[in-house]
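Protein chains in written order, with my numbering: chain G, 1 to 239; chain F, 240 to 379. In this text, a Cβ means the ideal position worked out from N, Cα and C, and glycines have one as well.
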Amino acid sequence: MKNLFGLLINTRIGKSIFRRDFSDTEKDRSERIYNNFFFHIYPVKVGKHGVKTCYTFCLGGISFLLFIILTITGFLLMFYYHPSVPRAYEDMKDIQYVVSSGIFLRNMHRWSAHIMVLAVFLHMCRVFFTASYRPPRELNWIVGVLLLVLTLGLSFTGYLLPWDQLSYWAITVGATMAGYAPIIGKKMRFLLLGGNVVNENALLRFYVLHCILLPALIVVLMGIHFWRVRKDGGISKPL
Amino acid sequence: MIGNGSMLVALGGTGIFTYQYLSPNVLFEPPTAFKVGKPSKFPIDSWTFIEDRKLFVVHDKKGFFAISAVCTHLGCTVRWIEGENQFHCPCHGSFFTNDGKVKGGPAPRPLDCFAMSIAPDGELLIDTGKIVDRETRLQA
Numbered sequence: 001m002k003n004l005f006g007l008l009i010n011t012r013i014g015k016s017i018f019r020r021d022f023s024d025t026e027k028d029r030s031e032r033i034y035n036n037f038f039f040h041i042y043p044v045k046v047g048k049h050g051v052k053t054c055y056t057f058c059l060g061g062i063s064f065l066l067f068i069i070l071t072i073t074g075f076l077l078m079f080y081y082h083p084s085v086p087r088a089y090e091d092m093k094d095i096q097y098v099v100s101s102g103i104f105l106r107n108m109h110r111w112s113a114h115i116m117v118l119a120v121f122l123h124m125c126r127v128f129f130t131a132s133y134r135p136p137r138e139l140n141w142i143v144g145v146l147l148l149v150l151t152l153g154l155s156f157t158g159y160l161l162p163w164d165q166l167s168y169w170a171i172t173v174g175a176t177m178a179g180y181a182p183i184i185g186k187k188m189r190f191l192l193l194g195g196n197v198v199n200e201n202a203l204l205r206f207y208v209l210h211c212i213l214l215p216a217l218i219v220v221l222m223g224i225h226f227w228r229v230r231k232d233g234g235i236s237k238p239l
Numbered sequence: 240m241i242g243n244g245s246m247l248v249a250l251g252g253t254g255i256f257t258y259q260y261l262s263p264n265v266l267f268e269p270p271t272a273f274k275v276g277k278p279s280k281f282p283i284d285s286w287t288f289i290e291d292r293k294l295f296v297v298h299d300k301k302g303f304f305a306i307s308a309v310c311t312h313l314g315c316t317v318r319w320i321e322g323e324n325q326f327h328c329p330c331h332g333s334f335f336t337n338d339g340k341v342k343g344g345p346a347p348r349p350l351d352c353f354a355m356s357i358a359p360d361g362e363l364l365i366d367t368g369k370i371v372d373r374e375t376r377l378q379a
């Protein structure tokens with residue numbers, strides 16, 4: 001096995017990918033990971049604590065996996081969804097009853113979204129109860145809080161998109177809550193809805209936030225979050 | 240100094256323009272003033288729900304008035320409960336008296352009352368843009 005790997009790396013293509021000759025020293029193995037775009041997100045070394053499942057419960061990893069599922073299913077749902085009134089509701093029903101596998105994709109998206117909120121919340125609890133926010137991880141705790149807020153934001157904006165009674169009243173109530181903020185409340189509500197009532201402007205705004213702005217922000221912050229995990233001493237372990 | 244200053248100005252300007260861009264100048268929302276029909280449509284001691292305008296046209300012994308059906312708590316639509324002579328919000332359980340004063344629940348202030356007048360063709364005209372005192376009545 002080792003020889004086959006070595007043989008592959010020592011070809012011209014292998015060298016262009018790994019940028020080095022094959023040798024099996026510890027330093028060489030580390031550098032193969034460091035210097036490869038696809039591998040560098042993996043830790044070079046995993047301590048014994050790292051494979052223990054009942055400390056972190058892999059809640060961060062579950063959240064990330066759900067995010068990937070949500071991105072793929074959401075991207076597929078976008079092919080059949082028009083963010084306009086009353087097409088939005090009809091498209092949602094079409095996805096359920098007319099589109100092949102539509103109901104599966106929609107339910108995947110919906111359930112993953114619910115579970116992601118739960119997983120992110122439990123992840124935060126785990127970090128709190130194991131005191132993993134303590135130095136040097138303070139900054140990553142703050143990034144994590146922002147990620148929680150963005151997850152809730154994605155959940156909230158996605159809630160309006162089916163354009164049914166539940167969506168309409170949830171966003172009416174949510175937007176009115178935003179309106180209660182001191183001084184800027186009314187203005188914030190107006191900007192969020194793109195008007196005074198929940199109508200097609202609000203639907204389009206929530207759609208753009210849900211599909212472009214919030215996912216873009218969350219990807220950037222996740223990148224920082226994962227990078228900091230590595231730089232702050234790797235996966236969390238018992239103190 | 241000049242570099243950072245101009246950078247700040249540029250960023251501030253971008254912020255202001257973005258804010259202006261995102262605030263719509265024209266809204267395609269229903270007009271605030273509209274007619275609801277002849278006064279004779281509303282018998283005395285009646286609370287009539289106008290569904291697409293989210294308000295009640297009330298005709299009590301003192302005259303006509305229009306009362307908002309939008310709960311002052313979080314914006315759900317309140318229902319008129321005939322037998323109990325009160326408004327009830329289904330979302331978080333606020334109760335209002337028959338003229339919109341808070342009776343119970345989380346609502347922070349009474350239901351709004353809107354300006355009402357008689358249009359030239361004799362129909363009742365309501366303007367939800369103008370909020371009036373709840374003792375105001377229109378005689379018709």
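So which residues of chain G does residue i contact, with C-beta pairs closer than 8 Å?
i              : result
E268 (chain F) : G195, N196, V197, N199
C330 (chain F) : W169, V173
Which bits of chain G does residue i rub up against, with CB to CB less than 7 Å?
i              : result
G314 (chain F) : T172, V173, T176
Compare the beta carbon distance of residue i and residue j with 7 Å and say whether it is the shorter of the two.
i              : j              : result
Q378 (chain F) : G302 (chain F) : yes
F335 (chain F) : L350 (chain F) : yes
L160 (chain G) : F206 (chain G) : yes
F288 (chain F) : F295 (chain F) : yes
T375 (chain F) : R348 (chain F) : no
L148 (chain G) : M124 (chain G) : yes
L105 (chain G) : L77 (chain G)  : yes
S63 (chain G)  : M116 (chain G) : yes
T172 (chain G) : V198 (chain G) : yes
V317 (chain F) : C328 (chain F) : yes
L221 (chain G) : V143 (chain G) : yes
L154 (chain G) : L217 (chain G) : no
L70 (chain G)  : S100 (chain G) : no
A346 (chain F) : K369 (chain F) : no
D372 (chain F) : T271 (chain F) : no
S236 (chain G) : S132 (chain G) : yes
P83 (chain G)  : L204 (chain G) : yes
Y89 (chain G)  : W163 (chain G) : yes
H298 (chain F) : S307 (chain F) : no
L193 (chain G) : A181 (chain G) : no
E268 (chain F) : G195 (chain G) : yes
Check each candidate in the options and name the one with the smallest Cα separation from residue i.
i              : options                        : result
L4 (chain G)   : G:F18, G:S16, G:F22, G:I17     : G:F22
G60 (chain G)  : G:F121, G:W163, G:I183         : G:F121
A305 (chain F) : F:M240, F:V275, F:T253         : F:V275
Y34 (chain G)  : G:R230, G:R126, G:V85, G:L66   : G:R230
A175 (chain G) : G:I183, G:F156, G:K15          : G:F156
P43 (chain G)  : G:C54, G:N196, G:S30, G:K52    : G:S30
G361 (chain F) : F:G254, F:E321, F:K277, F:G251 : F:K277
G344 (chain F) : F:C352, F:P359, F:N243, F:Q325 : F:Q325
K263 (chain G) : G:I235, G:K45, G:V143          : Nothing in the structure corresponds to residue 263 (chain G), since chain G is present only between 1 and 239.
G74 (chain G)  : G:H210, G:R87, G:Y97           : G:H210
D232 (chain G) : G:G185, G:T11, G:R137          : G:R137
G223 (chain G) : G:A202, G:N140, G:L166         : G:N140
P135 (chain G) : G:R12, G:E200, G:R228          : G:R228
A219 (chain G) : G:H114, G:L146, G:P83          : Here the sequence assigns Val to residue 219 (chain G), which means Ala is not the residue at that position. Comparing Cα-Cα distances from V219 (chain G) to each of G:H114, G:L146, G:P83, the minimum goes to G:L146.
P238 (chain G) : G:G47, G:F37, G:L66, G:R19     : G:G47
R110 (chain G) : G:P215, G:F129, G:F67, G:V127  : G:F67
K342 (chain F) : F:E323, F:S356, F:I357         : F:E323
D24 (chain G)  : G:F38, G:I9, G:Y168            : G:I9
D338 (chain F) : F:L363, F:K300, F:I255, F:G244 : F:K300
T56 (chain G)  : G:T130, G:Q165, G:L166         : G:T130
Find the residues of chain F that neighbour residue i, judging by a C-beta separation of less than 7 Å, and give them in chain order.
i             : result
F64 (chain G) : By Cβ distance, chain F contributes nothing, its closest Cβ being about 31 Å from F64 (chain G), past 7 Å.
Which residues in chain F sit within 8 Å of residue i, going by Cβ to Cβ distance?
i              : result
F190 (chain G) : S262
Could you list the residues in the stretch 149-169 of chain G with a C-beta less than 7 Å from some C-beta on chain F, going in chain order? W169
Hey, which unbroken runs of the alpha helix (DSSP H) at 4 residues or more fall wholly within the stretch 51-80 of chain G? 53-56, 59-77
When Cβ atoms are compared, which residues of the stretch 243-271 of chain F fall closer than 9 Å to chain B? Here chain B cannot be found, since the structure's protein chains are G and F.
Minimum length 4: unbroken alpha helix (DSSP H) runs contained in the stretch 98-172 of chain G: Counting whole runs of 4 or more residues, the stretch 98-172 of chain G contains the alpha helix (DSSP H) stretches 102-129, 138-160.
Note down, one range per segment and in chain order, each beta strand (DSSP E) of at least 3 residues found wholly within the stretch 299-337 of chain F. 302-307, 318-320, 325-327
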